[in-house]
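Participant: In the working numbering, the protein residues as written are 1328 to 1580. Every residue gets a Cβ at the ideal spot worked out from N, C-alpha and C, and that includes glycine.
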Ligand SMILES: [Fe+2]
């Protein structure tokens, strides 16, 4: 699977490297799915419902030799947590948690300063992928599909839903079905957010929550230590859980 983002590669990557937006951008309003009994037998929806209910994950960040990784902790059961572990590998790879024995990474390859090609390799540690699974299209290609490729250097992997048609934003759907009002596919929802910031946004006008502001600097820089984050904001964000002992916990929205 490959597709294009019409913005700077770092801007696109940083939008993906964030767990808190799962609780808003990618979830539909379906109160029935918040029922505990339903969650326990619902597979993927079980995890999505946790994110729906706990919209303020705590992040524990770890530097690695080849990038940075963090765990986003959400309350799951009465005595348990749901951790989503996200990785950034230099120079431009990310990997967010997957489900159902399948894994997926992304390579954010700059085409120029304002266009990025995203490659998504898929694999499984538990079974051989079918040809269809190897394509990685299921759940990733929106109903509106792709534009025809052209021979132009930027003419590949472009979604039909784009800034020119407002990503087919549907206000009625936004009131009744999902937060974004967009097609219920994360590739479109993520793209609408990162591209609509501008082709190469500085983040100076950002009014988002504390942790999201880290996106305005280089990838991972503000993740590397709470001190570096505090130096930029003059305040150190704290965990809201007194018993939490991880030294790099950051409360985000
Ligand atoms: Fe996303």
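Among the residues of its own chain, which have a CB less than 8 Å from the CB of residue 1486, if the five just before and after it don't count?
Facilitator: 1330, 1331, 1469, 1471, 1472, 1473, 1474, 1514, 1515, 1518
Participant: Cutting at 7 Å between CB atoms, please list the residues of its own chain near residue 1378, excluding the five before and the five after it.
Facilitator: For residue 1378, where only same-chain residues beyond five positions count, the Cβ hits under 7 Å are 1349, 1350, 1354, 1401.
Participant: Using only CA atoms, which one of 1333, 1444, 1424, 1483 lies nearest to residue 1399?
Facilitator: 1424
Participant: Buried or exposed, going by whether 16 or more other CB atoms sit within 10 Å of the CB of residue 1417?
Facilitator: exposed
Participant: On a Cα-Cα basis, can you pick out the residue from 1391, 1403, 1393 that is closest to residue 1385?
Facilitator: The residue from 1391, 1403, 1393 with its alpha-carbon nearest to that of residue 1385 is 1403.
Participant: Quick one: give me the first and last residue of the beta strand (DSSP E) that residue 1386 is part of.
Facilitator: 1385 to 1391
Participant: Taking residue 1433 as part of the alpha helix (DSSP H), name the residues at either end of that continuous run.
Facilitator: No alpha helix (DSSP H) holds residue 1433; the beta strand (DSSP E) holding it covers 1430 to 1439.
Participant: Using the Cα positions of residue 1458 and residue 1465, report the straight-line distance between them to the nearest angstrom.
Facilitator: 12 Å
Participant: Considering only residues of the region 1453 to 1483, which uninterrupted alpha helix (DSSP H) runs meet the minimum length of 4 residues and lie entirely inside it, listed in chain order?
Facilitator: 1458 to 1462
Participant: Among all the DSSP beta bridges, which residues are the ones paired with residue 1356?
Facilitator: Bridge partners of residue 1356: none, in fact.
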